[in-house]
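Quick notes on the structure that follows.
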Amino acid sequence: MPELPEVETVRRGLEPAMVGARFTRVIQRRPDLRFPFPERFVERLEGQEVTALGRRAKYLLADLSSGEVLVMHLGMSGRFLVMQDGATRMPGEFHHEHGGLGAHDHVVFGLSNGATITYNDARRFGFMDLVPRSGIETSKHFAGMGIEPLGNELSGETIARLFAGKRTPLKAALLDQRLIAGLGNIYVCEALFRTGLHPEAPAGSLVTKKGEPTDKAHQLADIIRDVLAEAVEAGGSTLRDHAQVDGSLGYFQHSFRVYDRENEPCVTPDCTGTVTRLVQSGRSTFYCPECQKRS
Ligand SMILES: [Zn+2]
Numbered sequence: 099m100p101e102l103p104e105v106e107t108v109r110r111g112l113e114p115a116m117v118g119a120r121f122t123r124v125i126q127r128r129p130d131l132r133f134p135f136p137e138r139f140v141e142r143l144e145g146q147e148v149t150a151l152g153r154r155a156k157y158l159l160a161d162l163s164s165g166e167v168l169v170m171h172l173g174m175s176g177r178f179l180v181m182q183d184g185a186t187r188m189p190g191e192f193h194h195e196h197g198g199l200g201a202h203d204h205v206v207f208g209l210s211n212g213a214t215i216t217y218n219d220a221r222r223f224g225f226m227d228l229v230p231r232s233g234i235e236t237s238k239h240f241a242g243m244g245i246e247p248l249g250n251e252l253s254g255e256t257i258a259r260l261f262a263g264k265r266t267p268l269k270a271a272l273l274d275q276r277l278i279a280g281l282g283n284i285y286v287c288e289a290l291f292r293t294g295l296h297p298e299a300p301a302g303s304l305v306t307k308k309g310e311p312t313d314k315a316h317q318l319a320d321i322i323r324d325v326l327a328e329a330v331e332a333g334g335s336t337l338r339d340h341a342q343v344d345g346s347l348g349y350f351q352h353s354f355r356v357y358d359r360e361n362e363p364c365v366t367p368d369c370t371g372t373v374t375r376l377v378q379s380g381r382s383t384f385y386c387p388e389c390q391k392r393s
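Quick note on my numbering: the sequence shown kicks off at 99 and runs consecutively.
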C-alpha cells in the first residue's frame, strides 16, 4: 500500500505533467472504483485547467479552474502512468506489451500539453471524487482529519496538545488518523526507534504535568519529519523521469533500520539488542528492546 512518502513522490512526478494544462479528453472506463465516480465526472473535468496539485495525508488534490478539486486516492494498488512526447518516453512496463489500454487502466486523462495520464488500479481500492474547493476541509474525506505530519504543524507543542492525558500506547496514538493524518506503520516504527521510545509507552508520557512537551516530544516531532523527508527524497531519486510515476517504488526498504528486521541485530553502534516484533492492534511493531526501553 502506498504510504505518505510514496504519495508525495507520485505528486511530484505528476505535477509537471498536470499543472498549467487543461483536460482535453477524459476517458472513464467504469462506473466505480472503491466508490462510484461522482456524477458527470468526465463533463466536470473536460475543459478545466489544473491550477495546482497538492496533497493532504494520502490524498492527491488537483485544483481546477472551475473551483472544484479533483480528489484522488491510490488505495492499495493505484498508480499513474504518464506518457509525454510520444512512445519514446513510455516506460517499459506491461503497458507496451499489448498496446492500448490494459484491463486495469480505469481512467485516462488527455491534457492540452500532449501528456496522457493513465490511472491503473488492479485491486480497485483507490477512488476519485470532485469536491468544491471552498468546502474541502469539511467534506467527507477531510472532516475530522488530523494534522499533516510532513508540514510545520507537527512540533513538540502539537504532540503535547494531542497526547496530553492519553494512556493509549504511543504506537496507536501515532497511527490515529484523527490526531496525525497519513503516518503509516512503517514510518511510525522507524521514528520510535530513532527517538528511543518504547512503542507501548503511554502517549501521555511525552507531556509534562503542566501540559508541556518533554524533550522526547520535541525529538519525536523532528524525527518523524526527517524519516518522511528522507523517504520522499529516496523516492524522488528513483523516479527515472517524470514519464513514470508509479506507487511501487520499492518502499526504499534498504533504508529501514527496524521495520521488518525481526531477529536481526540492532543497527545502533555498540547496541547488543535484537530487533523484536510485537503485535499491536493487529499490526506488527518492530523495535529494539535495548534502545527503546520502557521508562
Ligand atoms: Zn538497539
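Ideal placement from N, C-alpha and C gives every residue a C-beta, glycine not left out.
Note that the coordinates shown come from a computational prediction; the quantities given were computed from them, not determined experimentally.
_Shorter than 7 Å, the distance from the beta carbon of THR366 to the closest heavy atom of ligand 1, or not?_
Yes, the Cβ of THR366 comes within 7 Å of a heavy atom of ligand 1.
*With DSSP run on the structure shown, which of helix, strand or coil describes PHE135?*
PHE135 falls in the coil class under three-state DSSP.
*Taking 8 Å as the cut-off, decide whether the C-beta atoms of ILE125 and PHE178 are in contact.*
Remark: C-beta atoms of ILE125 and PHE178 do not approach each other more closely than 8 Å.
*Residue(s) in a DSSP beta bridge with ARG120*: Among the bridge pairs identified by DSSP, ARG120 is matched with GLU147.
_Sufficient close CB pairs (3 or more, under 8 Å) joining the region 251-259 to the region 302-316_ = Yes, they touch.
*Roughly how many whole angstroms lie between the Cα atoms of ASN361 and CYS386?*
Distance from the CA of ASN361 to the CA of CYS386, rounded to the nearest whole angstrom, comes to 10 Å.
*asked:* At the level of alpha carbons, what is the spacing between LEU102 and GLU144?
replied: Cα atoms of LEU102 and GLU144: separation of roughly 29 Å, rounded to the nearest angstrom.
*asked:* So the candidates are LEU295, MET181, PHE225 and ARG222; which of them puts its Cα closest to the Cα of SER210?
replied: Closest by alpha carbon: MET181.
_Less than 8 Å between the beta carbons of VAL105 and LYS156, yes or no?_
Cβ atoms of VAL105 and LYS156: closer than 8 Å.
*Just mark VAL140 as buried or exposed, buried being the case when its beta carbon has 16 or more other beta carbons within 10 Å.*
Within 10 angstroms of the beta-carbon of VAL140 lie fewer than 16 other beta-carbons, which makes it exposed.
*When the distance is taken between beta carbons, is HIS202 closer than 8 Å to ASN218?*
In contact: ASN218 and HIS202 (Cβ atoms closer than 8 Å).
*DSSP-derived helix/strand/coil call for GLU288*: Of the three classes helix, strand and coil, the one that applies to GLU288 here is helix, per DSSP.
*If GLY173 sits next to ARG132, beta carbons under 8 Å apart, how far is it from one beta carbon to the other, in whole angstroms?*
Taking C-beta atoms under 8 Å as the contact rule, GLY173 and ARG132 qualify, at a distance of about 6 Å.
*State buried or exposed for ALA391, treating a residue as buried only when at least 16 other CB atoms are found within 10 Å of its CB.*
Note on residue identity: the sequence assigns Lys, not Ala, to residue 391. LYS391 sits exposed, since fewer than 16 C-beta atoms from the chains shown fall within 10 Å of its C-beta.
*Quick one: residues in its chain with C-beta nearer than 6 Å to the C-beta of LEU290, no 5 flanking neighbours on either side, listed in chain order?*
PRO297.
_Can you tell me whether LYS269 is buried or exposed? The criterion is at least 16 other CB atoms within 10 Å of its CB, across all chains shown._
Only buried fits LYS269, as 16 or more other CB atoms lie within 10 angstroms of its CB.
*asked:* Using C-beta distances below 6 Å, list every residue in its chain close to GLU147, excluding the 5 sequence neighbours before and after it, in chain order.
replied: Correct list, in chain order: ARG120 and SER163.
_Whole-angstrom distance between LYS307 and GLY345, CA atom to CA atom_ = Below a pLDDT of 50, predicted positions are generally treated as unreliable, and GLY345, at 38, falls in that range; the measurement from the model is reported next regardless. Pairing GLY345 with LYS307, the inter-Cα distance amounts to about 43 Å.
*Indicate the three-state DSSP secondary structure (helix, strand or coil) for HIS296 in the structure shown.*
DSSP places HIS296 in coil when its eight states are reduced to three.
*Any chance the region 317-332 sits against the region 275-289, with 3 or more Cβ pairs inside 8 Å?*
Touching, yes.
*Alpha carbon to alpha carbon, what distance is there between GLY309 and ARG265?*
ARG265 and GLY309: Cα-Cα distance of roughly 14 Å.
*Tell me whether PHE261 sits in a helix, a strand or coil according to DSSP, three-state version.*
Looking at PHE261 - three-state DSSP - the assignment turns out to be helix.
_Contact test: GLN362 Cβ vs ligand 1 heavy atom, cutoff 7 Å_ = What sits at residue 362 in the sequence shown is Glu, not Gln. No, since every heavy atom of ligand 1 falls outside the 7 Å radius drawn around the Cβ of GLU362.
*asked:* With H, G and I counted as helix, E and B as strand and the rest as coil, what does DSSP make of VAL108?
replied: DSSP places VAL108 within a helical segment (H, G or I) once states are collapsed to three.
*Euclidean distance between Cα positions of ASP227 and GLY263*: Using only the alpha carbons, I get a separation of about 37 Å.
*Answer yes or no: do LEU229 and VAL286 have a C-beta to C-beta separation smaller than 8 Å?*
A quick correction: the sequence has Val, not Leu, at residue 229. No. Outside cutoff.
*Beta carbon of ARG109, beta carbon of GLU246: below 8 Å?*
No. Outside cutoff.
_Considering Cα atoms alone, identify which of CYS389, PHE223 and GLY380 is closest to PRO367._
Nearest C-alpha to PRO367: CYS389.
*What does a CB cutoff of less than 8 Å around ILE321 pick up in its chain, not counting 5 residues either side in sequence?*
Once the five neighbours on either side are set aside, the close Cβ partners of ILE321 are ALA289, ARG292 and THR293.
*Tell me where the alpha helix (DSSP H) around LEU268 begins and ends.*
That run of the alpha helix (DSSP H) goes 268-273.
_GLY152 burial status per 10 Å Cβ neighbour count (16 or more: buried)_ = GLY152 is exposed by the Cβ-count criterion.
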